[in-house]
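There are 2 protein chains.
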Amino acid sequence: MPAIDPERLLSDLRHLRSIGAQDRGVVRPAFSAADMEARRWLKKRYEETGLESTIDGVGNVLGRSRNPGKALLVGSHSDTQPTGGWLDGALGVIYGLEVVRALAADDATRTLAVDAVSFQDEESRFVGCLGSRSLTGTLSPEVEQGAVDNGGVRLADALREAGLAGVPRLRLEAARYAGFVEAHIEQGPDLEDTGRKIGVVSSIVGLRGIRFVFRGQQNHAGTTMMARRRDAATTLYELAHRINQEFPKAAGERTVWTMGRLRVTPNATSIVPGYADLDLQFRDASDAPLDACERIVARLVAEINARGGVSIEATPSRTPIPPTRMDAGLQEHIARAAERHAPGKWQHMPSGAFHDAGFIAASLPSAMLFIPSIGGISHDFAEDSRDEDIVLGCQVLADAAASILAAANAAPGVQ
Amino acid sequence: MPAIDPERLLSDLRHLRSIGAQDRGVVRPAFSAADMEARRWLKKRYEETGLESTIDGVGNVLGRSRNPGKALLVGSHSDTQPTGGWLDGALGVIYGLEVVRALAADDATRTLAVDAVSFQDEESRFVGCLGSRSLTGTLSPEVEQGAVDNGGVRLADALREAGLAGVPRLRLEAARYAGFVEAHIEQGPDLEDTGRKIGVVSSIVGLRGIRFVFRGQQNHAGTTMMARRRDAATTLYELAHRINQEFPKAAGERTVWTMGRLRVTPNATSIVPGYADLDLQFRDASDAPLDACERIVARLVAEINARGGVSIEATPSRTPIPPTRMDAGLQEHIARAAERHAPGKWQHMPSGAFHDAGFIAASLPSAMLFIPSIGGISHDFAEDSRDEDIVLGCQVLADAAASILAAANAAPGVQ
Numbered sequence: 006m007p008a009i010d011p012e013r014l015l016s017d018l019r020h021l022r023s024i025g026a027q028d029r030g031v032v033r034p035a036f037s038a039a040d041m042e043a044r045r046w047l048k049k050r051y052e053e054t055g056l057e058s059t060i061d062g063v064g065n066v067l068g069r070s071r072n073p074g075k076a077l078l079v080g081s082h083s084d085t086q087p088t089g090g091w092l093d094g095a096l097g098v099i100y101g102l103e104v105v106r107a108l109a110a111d112d113a114t115r116t117l118a119v120d121a122v123s124f125q126d127e128e129s130r131f132v133g134c135l136g137s138r139s140l141t142g143t144l145s146p147e148v149e150q151g152a153v154d155n156g157g158v159r160l161a162d163a164l165r166e167a168g169l170a171g172v173p174r175l176r177l178e179a180a181r182y183a184g185f186v187e188a189h190i191e192q193g194p195d196l197e198d199t200g201r202k203i204g205v206v207s208s209i210v211g212l213r214g215i216r217f218v219f220r221g222q223q224n225h226a227g228t229t230m231m232a233r234r235r236d237a238a239t240t241l242y243e244l245a246h247r248i249n250q251e252f253p254k255a256a257g258e259r260t261v262w263t264m265g266r267l268r269v270t271p272n273a274t275s276i277v278p279g280y281a282d283l284d285l286q287f288r289d290a291s292d293a294p295l296d297a298c299e300r301i302v303a304r305l306v307a308e309i310n311a312r313g314g315v316s317i318e319a320t321p322s323r324t325p326i327p328p329t330r331m332d333a334g335l336q337e338h339i340a341r342a343a344e345r346h347a348p349g350k351w352q353h354m355p356s357g358a359f360h361d362a363g364f365i366a367a368s369l370p371s372a373m374l375f376i377p378s379i380g381g382i383s384h385d386f387a388e389d390s391r392d393e394d395i396v397l398g399c400q401v402l403a404d405a406a407a408s409i410l411a412a413a414n415a416a417p418g419v420q
Numbered sequence: 006m007p008a009i010d011p012e013r014l015l016s017d018l019r020h021l022r023s024i025g026a027q028d029r030g031v032v033r034p035a036f037s038a039a040d041m042e043a044r045r046w047l048k049k050r051y052e053e054t055g056l057e058s059t060i061d062g063v064g065n066v067l068g069r070s071r072n073p074g075k076a077l078l079v080g081s082h083s084d085t086q087p088t089g090g091w092l093d094g095a096l097g098v099i100y101g102l103e104v105v106r107a108l109a110a111d112d113a114t115r116t117l118a119v120d121a122v123s124f125q126d127e128e129s130r131f132v133g134c135l136g137s138r139s140l141t142g143t144l145s146p147e148v149e150q151g152a153v154d155n156g157g158v159r160l161a162d163a164l165r166e167a168g169l170a171g172v173p174r175l176r177l178e179a180a181r182y183a184g185f186v187e188a189h190i191e192q193g194p195d196l197e198d199t200g201r202k203i204g205v206v207s208s209i210v211g212l213r214g215i216r217f218v219f220r221g222q223q224n225h226a227g228t229t230m231m232a233r234r235r236d237a238a239t240t241l242y243e244l245a246h247r248i249n250q251e252f253p254k255a256a257g258e259r260t261v262w263t264m265g266r267l268r269v270t271p272n273a274t275s276i277v278p279g280y281a282d283l284d285l286q287f288r289d290a291s292d293a294p295l296d297a298c299e300r301i302v303a304r305l306v307a308e309i310n311a312r313g314g315v316s317i318e319a320t321p322s323r324t325p326i327p328p329t330r331m332d333a334g335l336q337e338h339i340a341r342a343a344e345r346h347a348p349g350k351w352q353h354m355p356s357g358a359f360h361d362a363g364f365i366a367a368s369l370p371s372a373m374l375f376i377p378s379i380g381g382i383s384h385d386f387a388e389d390s391r392d393e394d395i396v397l398g399c400q401v402l403a404d405a406a407a408s409i410l411a412a413a414n415a416a417p418g419v420q
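One line per chain: the protein sequences are X and P, in this order.
Every letter in the first sequence is one number past the one before it in our numbering, and letter 202, counting from 1, is 207.
Every letter in the second sequence is one number past the one before it in our numbering, and letter 324, counting from 1, is 329.
See the structure below:
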């Protein structure tokens with residue numbers, strides 16, 4: 006089995022961390038100077054490893070193996086949140102590089118083909134998972150043309166500024182690959198809580214959003230009697246609390262829901278509010294609990310609207326993301342490698358966060374591997390993982406990659 | 006009985022409306038150029054009526070009668086909300102002027118002493134009821150020194166800019182007065198709804214405020230399971246909804262409560278909020294329902310805090326305003342005058358909004374008279390009342406003033 010080089014792995018991770026470093030974190034949003042510098046450095050690193058490397062027209066960096074046979078795509082994203090942690094997608098990107106190097110250094114695996122990748126803008130500066138969407142042909146011209154960041158910069162201008170205007174865009178060669186494996190920090194506390202070292206992702210949870218708009222009547226908080234009020238906030242509190250009471254009856258064990266963004270107008274102590282809005286987001290690894298939650302919402306909204314007074318309008322606040330199952334065969338390879346290096350200390354688990362693998366899975370068999378996040382913290386300068394966990398995860402991934410490719414390239418009947 | 010001059014009354018009201026007019030409303034906040042222009046105009050008008058007139062060191066305009074005997078103080082405030090209606094306090098100010106003129110024009114009442122007043126900053130640019138607080142000696146140096154408007158302007162600077170630095174401040178000569186009567190638009194819909202023309206205010210409701218602070222733990226909305234969450238917004242929704250369910254059991258018929266201002270941090274769709282705060286304001290004409298509501302709040306907060314998770318801290322958000330009963334004798338005079346001019350079309354009613362009379366009542370017998378607000382609208386450019394209602398209210402006030410002063414100045418035994 007191929008052996009990774011822990012020092013080389015950690016050294017490259019730390020070098021990538023230094024590009025856009027701020028305090029303990031990293032500020033390297035997609036298409037920023039730091040992001041493009043990181044991508045050029047990565048392209049060079051891929052080339053030093055013997056890969057044929059390209060930065061495509063949306064900023065994806067692909068390192069293509071010159072070996073024959075079915076290839077495995079390994080990677081993640083190197084862009085960060087506006088104030089991001091140092092590991093997040095960077096971990097999976099450097100794992101890809103190290104897996105290529107580890108397999109190349111071992112006689113038993115040196116002929117296997119591993120392509121390494123860093124997708125662009127997973128973190129939604131312009132379009133979440135822009136790079137993997139573009140690679141899989143699911144980035145529509147309308148979405149691309151309408152894409153503007155929070156500061157009002159248009160995607161087209163960011164592409165031009167990054168020197169990518171007119172640069173060809175890659176398309177995923179599905180026939181080339183046995184699959185895609187993305188490693189990532191967990192971004193949650195489950196592995197740490199249970200003392201486990203590796204998560205083999207069973208599915209990426211689906212996500213739906215509903216925006217509620219509450220319309221009542223603004224009034225004086227002293228002179229308007231209760232019976233006459235149409236208080237938008239009162240109805241918001243009722244609906245939100247009843248959702249929190251009802252959802253557990255329909256939810257699966259890992260269903261999560263959040264009402265973390267709201268607005269009350271005019272938001273003054275002495276004024277009965279006439280308008281409010283509220284976002285509900287809910288996630289699960291399968292559709293059934295999400296459907297059940299939607300039915301509860303519809304029932305509660307209908308019941309409150311039937312009373313008159315404040316009206317509630319409920320509309321989807323985003324395109325739903327369907328739950329995505331990870332490939333069972335790839336999971337099995339990762340699970341075996343995990344059991345070898347961390348016996349009894351790994352588990353199957355869904356991913357509560359979305360990842361590029363969710364888009365790639367529509368084109369290729371895909372899988373994910375998690376390592377523990379200290380304190381479950383992510384999207385924060387404090388994000389971190391222990392060196393030994395980082396090293397272990399990469400070794401598991403290298404073993405799994407070798408075993409996936411050995412199986413995929415075995416002569417029929419021999420496999 | 007003295008007869009008011011409807012044309013003169015409406016003409017002066019319209020002139021005052023023209024100072025700071027904007028669209029259908031008025032922008033004349035305390036100490037603004039328009040406010041000070043209105044006060045100088047009012048001082049001149051008082052003088053033309055034969056009153057001895059002063060603008061004092063906080064901007065109060067007092068017109069003092071030269072007649073002997075017990076005097077009646079009549080007026081309200083001429084400052085407005087940032088985007089105010091044209092009547093609000095202006096109505097009661099011009100009523101005071103017209104009552105002086107009407108009594109002076111009638112042989113039976115020409116020797117009675119009516120002082121007219123326009124208080125400063127009732128609308129809380131710096132300190133709510135600044136003028137009546139100053140007159141009654143209840144404006145503390147600490148409150149005055151700390152007073153800053155929403156734009157960061159200090160009261161001391163506004164006073165200097167208005168030319169009032171060093172100008173003497175009046176103190177209410179309690180022994181001079183038989184009482185104080187303030188007329189005002191209702192600012193609510195009750196008179197209009199019941200087809201009544203005059204409200205005789207029985208009390209000004211008391212007001213208490215509680216600020217709730219909710220402390221939980223901010224987290225990722227995808228990777229943090231429900232059982233592990235400490236979601237500040239979830240607890241806010243629960244407490245607010247349960248208050249709305251429980252208060253009706255303790256509330257009097259006219260108890261009102263409002264939770265119209267809140268903040269959730271970071272207020273993002275995909276983040277479990279770790280912090281929230283919420284203001285509860287509640288009002289009633291007597292203390293008992295307010296006490297009962299406070300007990301409910303204490304019970305709910307204790308119950309939720311006992312569960313652990315998100316903690317709630319509940320503290321008074323303001324100095325409570327106790328309910329203030331209006332003087333029964335003065336109410337009787339106003340009620341008799343109302344019955345004379347609008348038989349069967351008046352009622353006793355509490356004032357849900359606070360007024361200068363609430364402060365003056367601590368020093369003098371005080372009363373209030375309401376006229377209908379069209380649609381109950383106030384603190385808005387659309388605020389209005391019908392001319393005939395404006396005229397009727399002033400006539401009732403003039404009659405009541407004559408009768409109050411006649412009684413107060415009657416020889417003992419003759420009354």
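Yeah, the Cβ is synthetic: ideal placement off N, Cα and C, and Gly gets one too.
If you're wondering where the values come from, they're calculated on a predicted model, not measured in any experiment.
Compute the beta-carbon to beta-carbon distance between residue i and residue j, rounded to the nearest angstrom, for a pair I have assumed lies under 8 Å.
i        : j        : result
P:Leu164 : P:Ala170 : 6 Å
P:Tyr182 : P:Leu15  : About 28 Å; that fails the 8 Å criterion.
X:Asp289 : X:Thr260 : 4 Å
X:Ala273 : P:Gly265 : 6 Å
X:Ile190 : X:Ser23  : About 19 Å separates the two Cβ atoms, so there is no contact after all.
P:Val167 : P:Phe287 : According to the sequence displayed, residue 167 of chain P carries Ala and not Val. Incorrect: roughly 36 Å between the Cβ atoms, too far for contact.
Helix, strand or coil, according to DSSP, for residue i in the structure here?
i        : result
X:Trp351 : strand
P:Arg216 : strand
X:His360 : coil
P:Arg176 : coil
P:Glu388 : coil
X:Ile9   : coil
P:Gly156 : coil
X:Arg201 : coil
X:Phe131 : coil
Count the other CB atoms, across all protein chains shown, that sit within 10 Å of the CB of residue i; report buried if there are 16 or more and exposed otherwise.
i        : result
X:Val419 : Its pLDDT being 41, under 50, X:Val419 is placed unreliably by the model, and nothing is read from it.
P:Lys202 : buried
P:Glu42  : exposed
X:Glu299 : buried
X:Gln223 : buried
X:Ile9   : buried
P:Ala293 : exposed
P:Asp394 : buried
X:Thr141 : buried
X:Thr229 : buried
X:Val336 : The question names Val, yet the displayed sequence has Gln at residue 336 of chain X. Per the 10 Å Cβ criterion, buried.
X:Gly97  : buried
X:Val132 : buried
If you compare alpha carbons, which of the options is closest to residue i?
i        : options                                   : result
X:His20  : X:Val32, X:His338, X:Thr329 and X:Trp46   : X:Trp46
X:Ala307 : X:Gln352, X:Ile409, X:Ala281 and X:Leu244 : X:Leu244
X:Thr143 : X:His246, X:Phe364 and X:Val172           : X:Phe364
P:Trp91  : P:Asp296, P:Asp389, P:Ala412 and P:Glu337 : P:Asp389
X:Tyr51  : X:Gly80, X:Pro11 and X:Leu102             : X:Leu102
P:Gly94  : P:Asp126, P:Arg115, P:Gly64 and P:Arg234  : P:Asp126
X:Ser316 : X:Glu187, X:Ala238 and X:Pro73            : X:Ala238
X:Leu175 : X:Met373, X:Ala405, X:Gly279 and X:Ser139 : X:Ser139
P:Gly349 : P:Gly221, P:Gln192, P:Gly200 and P:Asn414 : P:Gly200
Can you tell me whether residue i sits near the ligand HEM, meaning its C-beta is under 6 Å from at least one heavy atom of the ligand?
i        : result
P:Gly381 : With respect to the ligand HEM, the structure offers nothing, as it holds no ligand at all.
Quick one: does residue i have its CB under 7 Å from some CB of chain B?
i        : result
X:Ile379 : Here chain B cannot be found, since the structure's protein chains are X and P.
Quick one: which unbroken beta strand (DSSP E) runs of 3-plus residues sit fully inside the region 260-338 of chain P? Chain order, please. 261-270, 280-289 and 316-321
Segments of 3+ residues assigned as beta strand (DSSP E) that fall wholly inside the region 55-80 of chain P: You should have 57-60 and 66-69.
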